[in-house]
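In mature numbering (1 follows the signal peptide of the UniProt record, and there is no 0), the protein residues as written are -22 to -1, 1 to 157. We put the CB at the ideal spot given by N, CA and C, even for glycine. Quick caveat, the model's predicted, so the values are computed rather than measured. First comes the structure, then the notes that go with it.
Shown next as structure tokens:
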């Protein structure tokens, strides 16, 4: 029994003191909360900084005095099922897009797509839009529209309009400069 007494005493001591060691330090929880709050604050600062950098990058890449933006709107559906659009500025292809079913539906419901944003020098420029799709009688359909416009010192905004024309049961494509 004498040899077992120290072992039992050690086991009893361990059993009574283990819960005290297992308890968490309340100061450590406060430190963890403070660190988590600091991390969240840093995340918010990084997001704001990223947004500011994006805006600065846009201003550097596309300054207001040289910027041109081209949008696409579709008011069709009976005479044209839109498939693709290609955009040329001064005989250079600057944008092309193939449309999914969802994108076409969104455009037909009144949506507008920013097709192109770029830089142009002040002066006269020619823009040509090529529209492809399925036209009347389920036949492949291609149509182009051109516009010669004067680029001033401000931002230029143009719209490619694809519309149904019931007078001749054909779709029409036009380019309009916004004022």
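By the DSSP assignment, the beta strand (DSSP E) with residue i in it spans what residues?
| i | result |
| --- | --- |
| residue 60 | 59 to 67 |
| residue 136 | 134 to 143 |
Under the rule that 16 or more other beta-carbon atoms within 10 Å means buried, what is residue i, buried or exposed?
| i | result |
| --- | --- |
| residue 48 | buried |
| residue 25 | exposed |
| residue 57 | buried |
| residue 71 | exposed |
| residue 105 | buried |
| residue 12 | exposed |
| residue 101 | exposed |
Reducing DSSP to helix, strand and coil, say where residue i ends up.
| i | result |
| --- | --- |
| residue 78 | coil |
| residue 15 | helix |
| residue 157 | coil |
| residue 129 | strand |
| residue 49 | strand |
Does the beta-carbon distance from residue i to residue j come in below 8 Å?
| i | j | result |
| --- | --- | --- |
| residue 40 | residue 109 | no |
| residue 93 | residue 65 | yes |
| residue 61 | residue 141 | no |
| residue 124 | residue 139 | no |
| residue 90 | residue 145 | no |
| residue 134 | residue 46 | yes |
Report task. Only counting runs of 3 or more residues, tell me where the beta strand (DSSP E) segments fall wholly within the region 72 to 126, in order along the chain. Result -> Those beta strand (DSSP E) runs which fall completely within the region 72 to 126 and span 3+ residues are 90 to 97 and 101 to 112.
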